[in-house]
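In what follows, a structure is listed as structure tokens, so that the remarks can point back to it.
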Amino acid sequence: FGYLIFSTVKGGWWLPGAVLLTMACSFFVQAGEGSTFAIVPLVKRRITGQVAGNVGAYGNVGAVAYLTIFSLLPAGDVGNRIFFQMLGVTALIVAFLCFLVLKEPKGSFAELHEGEEEYATVASPAASMGAGDVMN
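First residue of the sequence shown? That's 69 in the numbering used here, and the numbers climb one at a time after it.
See below:
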């Protein structure tokens with residue numbers, strides 16, 4: 069949503085408000101980038117380095133693609149508004165697709181935990197006491 073709000077920023081905006089909006093958007097962009105790299109070891113542990121390389125490389129491809137699109141837009145407030153609207157709508161579409169498509173990986177670390185027993189849940193002493201029991 070931050071990029072969609074950025075599309076309303078013009079030269080007459082209150083400067084501290086624009087700085088706060090930039091900081092808020094940056095926080096969520098950095099969180100998204102971190103979550104992207106956090107998924108890398110879960111894809112296939114054996115080839116984590118190759119997957120991380122592809123994630124980094126395609127991030128750069130996206131940067132070049134968006135900057136190329138930005139350079140083709142008209143200069144000034146109109147071009148900026150279109151660009152930030154495009155970024156915001158694209159982010160919403162990708163977030164929706166990730167919600168639908170990404171599933172939690174099952175068994176990706178199974179070889180590391182092979183032979184381990186699952187521990188049973190131990191009840192707390194308070195839960196095992198009856199209604200008439202009193203703790204001293």
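For each residue, glycine too, the CB sits at the ideal point set by N, CA and C.
Within 7 Å, strictly: CB atoms of Val123 and Val111: no
In the DSSP assignment, the alpha helix (DSSP H) including Ile137 goes from what residue to what residue? Note, Ile137: alpha helix (DSSP H), Thr116 to Leu140.
Is the beta carbon of Gly147 sitting closer than 7 Å to the one on Leu155? No.
Whole angstroms is fine: what's the gap from Ile115's alpha carbon to Gly121's? The straight-line gap from Cα to Cα measures roughly 10 Å.
As a quick exercise: from Phe167, Ile137 and Val162, pick the residue whose alpha carbon is nearest that of Phe151. Ile137
Around the C-beta of Tyr71, are 16 or more other C-beta atoms found within 10 angstroms, so that it is buried, or is it exposed? buried
CA-CA distance, Asp145 and Trp81? So the alpha carbons of these two residues sit roughly 12 Å apart.
Verify the contact flag: Gly121, CB atom, against every heavy atom of the ligand NAP, threshold strictly below 6 Å. What this structure holds is no ligand at all, so the ligand NAP is not there to describe.
Have a look at Phe69, Gly117 and Val129 and flag the residue whose alpha-carbon is nearest the alpha-carbon of Phe96. Phe69
Of the choices Ala143, Val77 and Gly117, whose alpha-carbon is the least far from that of Thr90? Per the C-alpha coordinates, the member of Ala143, Val77 and Gly117 positioned closest to Thr90 is Val77.
Whole-angstrom distance between Ile73 and Gly130, CA atom to CA atom: 21 Å
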